[in-house]
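Going down the list, the sequences are from chains A and B.
Just so we're aligned: the first sequence equals residues 5 to 363 in the numbering used here.
Just so we're aligned: the second sequence equals residues 214 to 495 in the numbering used here.
Note that beta-carbon positions come from the ideal geometry of N, C-alpha and C, so glycine has one too.
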Amino acid sequence: MNLIGEHITYKPDDQFHLNDVSFNFKKGNLYTILGRTLSGKTTFLKTIAGLLNPDSGNLSFEEKNFSKIPVWERNVAMVYQQFINYPHLNVYENIIFPLKQRKLSQDKIKTDVEEALKTVGLIGFENRKIQELSGGQQQRVALARSLAKKAKILLLDEPLVNLDYKLREQLREEFKRIFSEGMSQDTILIYSTTDPQEVMELNGEVIVLDEGKVLQKGPAKEIFENPLNLKVAEISNDPPMNILKGLKNSDNLNFENISIKSPKHFKNLENQNYNFGIRASEIKLDENGEEFEIELAEISGSETLLHLKKGNSKLIALIEEVMNFKIHQKVKIIFNSNKFYAFNQSGELVSSPYGANNG
Amino acid sequence: MEKLYTFLKYTFITLWTVFIVAPFLWAVSTSFKDFQSVNSKVTYIPWLDFEPTLEGWRVLVKSPARGGVDIVEPYFNSIFVTCTASLVSIVLGTLAAYALSRFTFKAGFVRNNDITFFFISQRIMPPIVLSIPFFIFLSTIGLLDSLLGLVVVYIVLLMPIAVWIMVDFFNRVPKELDETALIDGCNPYQAFYKVVLPNSIPGLIVAGMFCIIFGWIDFFFAFILTFTEVQLLPVKVVALNSSITPWWSLSASALISVAPLIIVAFVVERYLSKGNLSGALK
Numbered sequence: 005m006n007l008i009g010e011h012i013t014y015k016p017d018d019q020f021h022l023n024d025v026s027f028n029f030k031k032g033n034l035y036t037i038l039g040r041t042l043s044g045k046t047t048f049l050k051t052i053a054g055l056l057n058p059d060s061g062n063l064s065f066e067e068k069n070f071s072k073i074p075v076w077e078r079n080v081a082m083v084y085q086q087f088i089n090y091p092h093l094n095v096y097e098n099i100i101f102p103l104k105q106r107k108l109s110q111d112k113i114k115t116d117v118e119e120a121l122k123t124v125g126l127i128g129f130e131n132r133k134i135q136e137l138s139g140g141q142q143q144r145v146a147l148a149r150s151l152a153k154k155a156k157i158l159l160l161d162e163p164l165v166n167l168d169y170k171l172r173e174q175l176r177e178e179f180k181r182i183f184s185e186g187m188s189q190d191t192i193l194i195y196s197t198t199d200p201q202e203v204m205e206l207n208g209e210v211i212v213l214d215e216g217k218v219l220q221k222g223p224a225k226e227i228f229e230n231p232l233n234l235k236v237a238e239i240s241n242d243p244p245m246n247i248l249k250g251l252k253n254s255d256n257l258n259f260e261n262i263s264i265k266s267p268k269h270f271k272n273l274e275n276q277n278y279n280f281g282i283r284a285s286e287i288k289l290d291e292n293g294e295e296f297e298i299e300l301a302e303i304s305g306s307e308t309l310l311h312l313k314k315g316n317s318k319l320i321a322l323i324e325e326v327m328n329f330k331i332h333q334k335v336k337i338i339f340n341s342n343k344f345y346a347f348n349q350s351g352e353l354v355s356s357p358y359g360a361n362n363g
Numbered sequence: 214m215e216k217l218y219t220f221l222k223y224t225f226i227t228l229w230t231v232f233i234v235a236p237f238l239w240a241v242s243t244s245f246k247d248f249q250s251v252n253s254k255v256t257y258i259p260w261l262d263f264e265p266t267l268e269g270w271r272v273l274v275k276s277p278a279r280g281g282v283d284i285v286e287p288y289f290n291s292i293f294v295t296c297t298a299s300l301v302s303i304v305l306g307t308l309a310a311y312a313l314s315r316f317t318f319k320a321g322f323v324r325n326n327d328i329t330f331f332f333i334s335q336r337i338m339p340p341i342v343l344s345i346p347f348f349i350f351l352s353t354i355g356l357l358d359s360l361l362g363l364v365v366v367y368i369v370l371l372m373p374i375a376v377w378i379m380v381d382f383f384n385r386v387p388k389e390l391d392e393t394a395l396i397d398g399c400n401p402y403q404a405f406y407k408v409v410l411p412n413s414i415p416g417l418i419v420a421g422m423f424c425i426i427f428g429w430i431d432f433f434f435a436f437i438l439t440f441t442e443v444q445l446l447p448v449k450v451v452a453l454n455s456s457i458t459p460w461w462s463l464s465a466s467a468l469i470s471v472a473p474l475i476i477v478a479f480v481v482e483r484y485l486s487k488g489n490l491s492g493a494l495k
């Protein structure tokens with residue numbers, strides 16, 4: 005009774021939009037598609053909705069061949085990153101539109117719409133025109149329309165990306181609540197985003213997509229702790245994970261002009277060249293550390309992002325307080341060496357601080 | 214600076230208004246004059262300079278048998294031909310434009326843009342190029358000098374305008390709107406008339422307005438493709454001018470010829486300035 009995709013490939017021009025994508029989605033679960041812009045997330049969702057026909061591969065749902073069923077009979081719902089509502093209808097008419105299409109009884113429509121309006125917090129806005137609403141409210145209407153349908157597959161394509169920072173935070177919190185309380189166990193929820201933080205907060209099953217190819221599948225925690233390769237490490241961290249080329253010998257990790265003590269979890273690692281990865285948040289300011297020059301300092305919220313440079317090595321450090329730095333100022337930093345990852349020369353994870361140890 | 218700008222703006226608007234309105238005032242005044250007041254001396258103000266008369270207007274509705282010119286029939290002919298051709302052009306043109314905007318056509322080297330250009334090319338060509346084919350075509354199917362024949366020709370002339378305006382309009386309607394309609398259970402036809410069409414009213418109004426204007430003012434084809442049976446208004450008005458120029462009835466007929474266009478302009482202006490239509494889609 006699952007939504008199953010097998011070897012789905014879509015290549016409308018000389019680039020793969022989807023490249024041999026397979027999946028098995030179970031009802032009652034939340035799946036997040038994580039990938040950068042143009043990685044194929046929207047194509048993925050549109051293929052499930054039936055708006056695109058893949059060149060090859062099978063798609064089946066509830067043991068029926070899904071690719072034979074046209075979009076309008078698939079009973080899916082989709083929320084776009086642009087706030088797509090019907091501009092000629094008011095809020096109430098927008099939400100009942102799909103229900104009227106399905107010719108449900110008046111009573112059923114009424115209760116379903118009220119429930120949906122309540123879930124997204126738009127009670128009292130029924131007669132408003134769409135153009136009179138803010139971006140966040142418009143996106144709520146789109147979400148309410150999708151929820152009221154009680155579709156078996158709910159697709160959300162970067163629903164928060166066009167909202168401003170504050171609204172995004174607020175709506176993200178609400179999404180978590182709606183997904184955990186309001187969804188029936190009959191629904192498959194698929195949520196695409198570019199934001200690793202969103203993926204971690206929603207805490208569902210994650211599919212990391214890049215250039216139409218699935219790089220890694222697994223629970224959010226697993227993706228965070230053991231990214232399979234450099235690409236995943238880059239996509240699933242914001243700011244991206246720092247990667248430093250270096251040589252490991254029995255005691256030390258030797259980088260271009262820094263040498264630090266090898267952490268315990270690298271004990272069984274062969275002595276050779278690796279790409280070492282460390283998250284921006286695992287770099288701290290410390291008087292006894294290595295000296296780096298500041299190239300750029302950004303303050304975001306309650307944190308400060310430092311772009312650091314020493315020789316050819318560049319790093320991003322995330323300092324958990326607001327500090328004022330000058331460009332070209334020298335600062336001293338230390339690495340939390342217990343949180344080092346090691347990727348081999350071809351970019352695959354060989355050792356992680358959280359256990360995965362292929363080395 | 215601000216004041217200078219305002220001053221220049223209003224000066225320009227005033228001059229332009231005078232430039233546009235003066236001939237109208239001249240026509241209104243002339244239409245109430247008789248032979249004497251036109252030809253003897255320069256006259257401006259009714260009752261003071263000249264004695265107004267309705268003769269110029271009366272001639273237009275009198276039958277030729279009683280010395281009139283009867284522009285009533287050509288007037289209704291023009292209304293019929295313009296409205297029918299515009300309506301058909303808008304319906305067919307909108308469907309064609311939607312298809313050209315949303316689907317990808319491939320036939321040999323022909324692509325969507327080539328089809329759109331084919332439509333527009335019908336208007337880029339000088340009309341005289343089309344006159345001979347149209348004449349032969351209509352005479353072959355026996356529709357020369359008939360209302361139906363004129364409607365057919367005017368559809369060919371007006372549909373490119375409708376296609377052109379509506380392709381551009383549909384291209385600016387996000388494709389996601391159609392897709393959402395499909396996802397919400399509409400088949401492609403329902404998506405078109407339940408969602409896309411209601412949101413295209415501003416485009417339809419503009420396209421309709423252009424069709425009506427271009428259909429109404431066409432003289433060339435109305436002149437070439439009709440003889441005695443059927444006459445359209447522009448031809449009839451020009452035909453008023455004979456050895457003696459009847460300035461009074463010419464002015465009167467010119468005024469009632471432009472009247473429909475002025476009414477259309479006012480109605481459309483009010484409709485479009487309601488705002489909710491033009492700003493319906495971001």
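Residues of its chain near G488 (chain B), where Cβ-Cβ distance is below 8 Å and the 5 sequence neighbours each way are ignored
Residue placement at G488 (chain B) is flagged as unreliable, the pLDDT there being 45, under the threshold of 50; a coordinate-derived value is accordingly withheld.
For F385 (chain A) and chain B, any beta-carbon pair shorter than 8 Å?
Nothing about residue 385 (chain A) can be read from this structure; chain A reaches only from 5 to 363.
Close beta carbons around D358 (chain B), own chain, < 8 Å, minus the five adjacent residues each side
L438, T439, F440, T441, E442 and V443
Mind checking whether F87 (chain A) and G139 (chain A) have CB atoms under 8 Å apart?
yes
Contact list for V408 (chain B) against chain A, beta-carbon separation under 7 Å:
Y90
Cβ separation of S60 (chain A) and T13 (chain A), assumed to be a contact under 8 Å, to the nearest whole Å
5 Å
The segment 276-296 of chain A touching the segment 333-352 of chain A, judged by at least three CB pairs closer than 8 Å:
yes
Contacting residues, own chain, Cβ-Cβ under 6 Å from L147 (chain A) (five flanking each side not counted):
V83 and V124
Just to confirm before moving on: does the CB-CB distance between S276 (chain B) and A375 (chain B) stay below 8 Å?
no
Is DSSP giving G416 (chain B) helix, strand or coil here?
helix
Just to confirm the assignment, what range does the alpha helix (DSSP H) spanning P223 (chain A) have?
Looking at the DSSP string, P223 (chain A) is not in any alpha helix (DSSP H); the run it does join, the beta strand (DSSP E), is K217 to P223.
Taking all protein chains shown into account, decide if T307 (chain B) is buried (16 or more other Cβ within 10 angstroms of its Cβ) or exposed.
buried
So is P387 (chain B) in contact with chain A if we call contact Cβ pairs under 8 Å?
yes
When you compare the CB positions of F291 (chain B) and L446 (chain B), do they come within less than 8 Å of one another, or not?
Here the sequence assigns Ser to residue 291 (chain B), which means Phe is not the residue at that position. In contact: S291 (chain B) and L446 (chain B) (Cβ atoms closer than 8 Å).
Determine the burial state of M372 (chain B): buried for a count of at least 16 other Cβ atoms within 10 Å of its Cβ, exposed for fewer.
buried
Taking C-beta pairs closer than 7 Å, name the residues in chain B that F101 (chain A) reaches, listed in chain order.
D397
Closer than 8 Å, CB to CB, is L363 (chain B) near chain A or not?
no
Check the Cβ of L55 (chain A) against every Cβ in chain B and list those closer than 9 Å, keeping chain order.
E392, L395 and I396
Buried or exposed: where does A493 (chain B) fall if 16 or more other Cβ atoms within 10 Å of its Cβ makes it buried?
A caution first: A493 (chain B) carries a pLDDT of 40, below 50, which makes its placement in the model unreliable, though a value can still be read off. Label assigned to A493 (chain B): buried.
In whole angstroms, what is the alpha-carbon distance linking D391 (chain B) and V80 (chain A)?
15 Å
Opening and closing residue of the beta strand (DSSP E) in which D24 (chain A) lies
L22 to F29
Which of helix, strand or coil DSSP assigns to D327 (chain B):
helix
Can you give, in chain order, each stretch of the alpha helix (DSSP H) that sits fully within the segment 374-455 of chain B and has at least 4 residues?
388-396, 414-430, 433-437 and 446-452
Comparing alpha-carbon positions, which option in B:S314, B:A404, B:E286 and B:W270 lies nearest A394 (chain B)?
B:A404
Can you check whether the C-beta of N400 (chain B) is within less than 8 Å of a C-beta belonging to chain C?
Reference to chain C is not applicable here, since the protein chains of this structure are A and B.
Within the present structure, is the beta-carbon of N62 (chain A) separated from the nearest heavy atom of the ligand FMN by less than 7 Å?
This structure does not include the ligand FMN; it has no bound ligands of any sort.
V354 (chain A) (DSSP reduced to helix, strand or coil)
strand
Name the chain B residues that come within less than 7 Å of R106 (chain A), Cβ to Cβ?
G398
With a cut-off of 8 Å, does the C-beta of A81 (chain A) fall near any C-beta of chain B?
yes
Step through the CB atoms of chain A and report whether any lies within less than 8 Å of the CB of N489 (chain B).
Because the pLDDT at N489 (chain B) is just 43, under 50, the model does not fix this residue reliably, and the value given afterwards should be weighed accordingly. Output row for N489 (chain B): interface = yes.
Beta bridge counterpart(s) of G9 (chain A) as assigned by DSSP
A:F27 and A:L63
Proximity to I127 (chain A) [Cα-Cα], best of A:R144, A:D290 and A:D111
A:R144
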